[in-house]
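For reference, the structure is listed below as structure tokens.
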Amino acid sequence: MSSMTTYREQLVNPIEGDDAVGLRIIDDPLLDFIDSQMMKVGSLSHADVQWHEVESCVVNLLSNKTKDIKLLTVLLQCLQHQPTPERFTLSIAVLVDFMSAYWETCHPVAGKRGVLPRKKFFNQICVRTSSATEKLDGTLFDAELKTTLEALVDELEHQASHYQLPLDLVDDIAAKVRRQLSQTLNHAAHQTVSQQQMTTSDNHHNNGNSPSPSVSAAPVPKLDIDGSNDRAIRTSLLKVSDFLSDIGGDGIGLSIRLRRFAVWFSINSLPDANQHGETQLMPVSSDRVSEYEDQLARGGDLALWRKVEQSLTVSPYWLDGHYLSYRIAKQLGENEWANTIYEELNRFLTRLPQLATLSFKGKIPFISEPALQWIKDSNTLPNNHKVASVGSWHGKRSEALELAQEGGLSVALAMLNDGLSQSSEPRDAFYWRLLSADIMKSQHLEAMATEQYQTLYHQAKEMSVTDWEPSLLEQLEQHIAP
-14 MSSMTTYREQ LVNPIEGDDA VGLRIIDDPL LDFIDSQMMK VGSLSHADVQ
36 WHEVESCVVN LLSNKTKDIK LLTVLLQCLQ HQPTPERFTL SIAVLVDFMS
86 AYWETCHPVA GKRGVLPRKK FFNQICVRTS SATEKLDGTL FDAELKTTLE
136 ALVDELEHQA SHYQLPLDLV DDIAAKVRRQ LSQTLNHAAH QTVSQQQMTT
186 SDNHHNNGNS PSPSVSAAPV PKLDIDGSND RAIRTSLLKV SDFLSDIGGD
236 GIGLSIRLRR FAVWFSINSL PDANQHGETQ LMPVSSDRVS EYEDQLARGG
286 DLALWRKVEQ SLTVSPYWLD GHYLSYRIAK QLGENEWANT IYEELNRFLT
336 RLPQLATLSF KGKIPFISEP ALQWIKDSNT LPNNHKVASV GSWHGKRSEA
386 LELAQEGGLS VALAMLNDGL SQSSEPRDAF YWRLLSADIM KSQHLEAMAT
436 EQYQTLYHQA KEMSVTDWEP SLLEQLEQHI AP
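One point on numbering: in the working numbering, the residue at position 32 of the sequence shown is 17, and numbering is uninterrupted.
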């Protein structure tokens, strides 16, 4: 660990002279060598890259001449090439140190003008780091190095949030790090079981007895709970949640509740917001959300659900994400998971209902109208209809809008007409007509849509519960009939 500290100090120390970040270097023999070597990466000459020499040159330049984020990306690439636990941990440490000390003043472009270039470099770094994480062997981490890496990933999340960088990219790295490090727990558990079996076998051999059949569960790996502060408690609880999820079965449902408790337990007040309810919190990347929605539309799988769940751990106010997680769980046929997701979000909003009125920076709401309607409607439906019905109508609406966009208005209305003709309840017919108004509005037929909305509005005001859903009354009558 002392060599790691020396390496970090060498890079984080300011450049000698008047400017701590030095000058931007364009023409330098070391830089030319670095460029010539990195051009080979991914080509037929990839095996000829002199990684050690490149790393030495980059460290020389970053320590003595310039603090340039482009050189930082090359250094991280060197450290993460065929990563060992020590060098991968060092790569995260170097990144965190650089962000803390030089992020807004570094070359090639400092200050506000460099926000976009720095963001592009950060995205590139995170993508490569995420890929390198998958190559780690978690069983090679000792306890000290494991703790160090976990703390550095937490700090990376903090730095990304501070500089308003995409948290979902760090989220992906954090998830993979936890998954890889969990190998140490599983490895330790396996060794413990093997040792117990060997001891039992030796005892039976010494006693001259044959082993009697028995069924015993593998011991639960030791999970250290750090209660020193809210952040440490959150990290500890998320580790337990991941462990429960890996167990499978009923453990997944319990992990869903624990994960949300870990994320929300310390939130007891609203985040600062202006008079319009807009906070300075950054939303989850719109590209990432679109990617999730596209994957769900193509048929969500367990891997997608886990990605969304992981994104939720680093964005506690992305309430729409819980609706997305719920929909994926429903598509997977995991109704109990879906109901648990709904219950936990509903409990959180009941505790802090004003959250539904707030938005991220850029006026992106914490929770969208469809998701909010899902919560509201689910609170009023009987248990056997709860949640599923609203999700179903939301799915039909999405399908109709997609048909209108790709096939035209006539195709979408044909789909809605088929649904309306098969309606068995006035309530269903009402929703089909409401969907048709939505489709007309999406196709810029505002006058027709407005007339339909007005008709439905007056109709809804005059309907009784009996008119709205006769089967609901019949169901209740069955329970109160003498």
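We put the CB at the ideal spot given by N, CA and C, even for glycine.
Beta-carbon gap between residue i and residue j smaller than 7 Å
i      : j       : result
PRO68  : LEU130  : no
ILE19  : VAL39   : yes
ASP227 : ARG163  : yes
GLN128 : VAL(-3) : The sequence given here has Ala at residue 128, not Gln. No, these two residues do not count as a Cβ contact at 7 Å.
GLN428 : ALA389  : yes
ARG273 : ASP153  : yes
VAL299 : TYR277  : no
ILE352 : ASP279  : no
ILE158 : THR220  : no
VAL43  : VAL59   : yes
GLN295 : ALA160  : yes
LEU420 : ALA385  : yes
ARG245 : GLU328  : no
TRP88  : HIS66   : no
LEU229 : SER240  : yes
SER48  : GLN(-5) : yes
LEU470 : ALA247  : Outside the shown range of the chain, which is -14 to 467, sits residue 470, and nothing can be said about it.
Three-way DSSP call (helix, strand, coil) for residue i in this model
i       : result
GLU468  : The structure shown does not extend to residue 468, since the chain spans only -14 to 467, so no value can be given for it.
THR74   : helix
GLY512  : Past the edges of the chain, shown from -14 to 467, lies residue 512, and the structure says nothing about it.
GLU276  : helix
THR69   : coil
PHE345  : strand
PRO102  : helix
GLU(-6) : helix
GLU119  : coil
PRO350  : strand
ASP53   : strand
ALA95   : coil
C-alpha distance - residue i paired with residue j, whole-angstrom precision
i       : j      : result
ARG418  : GLN109 : 47 Å
LYS348  : LEU340 : 13 Å
GLN144  : MET267 : 13 Å
ASN331  : ASN402 : 34 Å
ILE313  : SER383 : 15 Å
THR(-9) : GLN260 : 49 Å
TYR438  : LEU297 : 35 Å
LEU57   : LEU141 : 15 Å
PHE415  : TYR442 : 10 Å
GLU1    : PRO256 : 42 Å
LEU101  : GLU263 : 23 Å
ARG(-7) : MET84  : 13 Å
ALA356  : TYR308 : 6 Å
VAL269  : MET425 : 30 Å
ARG283  : ASP3   : 57 Å
LEU170  : LEU134 : Annotation note: pLDDT 48 at LEU170 (below 50); position unreliable, coordinate value reported separately. Going from the Cα of LEU170 to the Cα of LEU134 covers about 15 Å.
VAL81   : ARG103 : 14 Å
THR342  : PRO350 : 7 Å
SER344  : LEU16  : 45 Å
VAL155  : CYS111 : 7 Å
VAL396  : LYS361 : 31 Å
GLY318  : TYR311 : 11 Å
GLY99   : PRO93  : 8 Å
ASP235  : HIS31  : 47 Å
THR335  : LEU394 : 40 Å
MET24   : LYS381 : 50 Å
PRO338  : LEU243 : 21 Å
THR132  : TRP359 : 41 Å
Close Cβ partners of residue i (< 8 Å) along its chain, the five nearest in sequence each way excluded
i        : result
MET(-11) : GLU71, THR74, LEU75, ALA78
ASP13    : LEU46, LYS50
Contacting residues, own chain, Cβ-Cβ under 6 Å from residue i (five flanking each side not counted)
i      : result
SER271 : none
TRP290 : ILE313
GLY404 : TRP417
Close-in-space but distant-in-sequence residues of the same chain around residue i (CB under 7 Å, 5 per side omitted)
i      : result
GLN165 : THR118, LEU121, GLY123
TRP249 : PRO301, PHE333
CYS91  : VAL6, LYS52, ASP53, ILE54
GLY238 : GLU321, TRP322, THR325
LEU150 : LYS104, PHE107
ASP215 : SER251
VAL138 : ILE77, ILE158, ALA159, VAL162
Within-7 Å CB hit, residue i to chain C
i     : result
SER30 : Absent here is chain C; the protein component of the structure consists of one chain.
Please go through the region 377 to 457 and give each complete alpha helix (DSSP H) segment of 4 or more residues, from N-terminal end onward.
-> The qualifying runs are 394 to 406, 411 to 427, 431 to 447, 450 to 453.
What residue ranges within the region 300 to 335 form continuous beta strand (DSSP E) runs of no fewer than 3 residues, ordered along the chain?
-> Listed in chain order, there is nothing to give.
Counting only runs that start and end within the region 0 to 51, where is the alpha helix (DSSP H) found for 4 or more residues in a row?
-> Runs of alpha helix (DSSP H) with 4 or more residues, each lying fully within the region 0 to 51, are found at 14 to 23, 36 to 49, listed in chain order.
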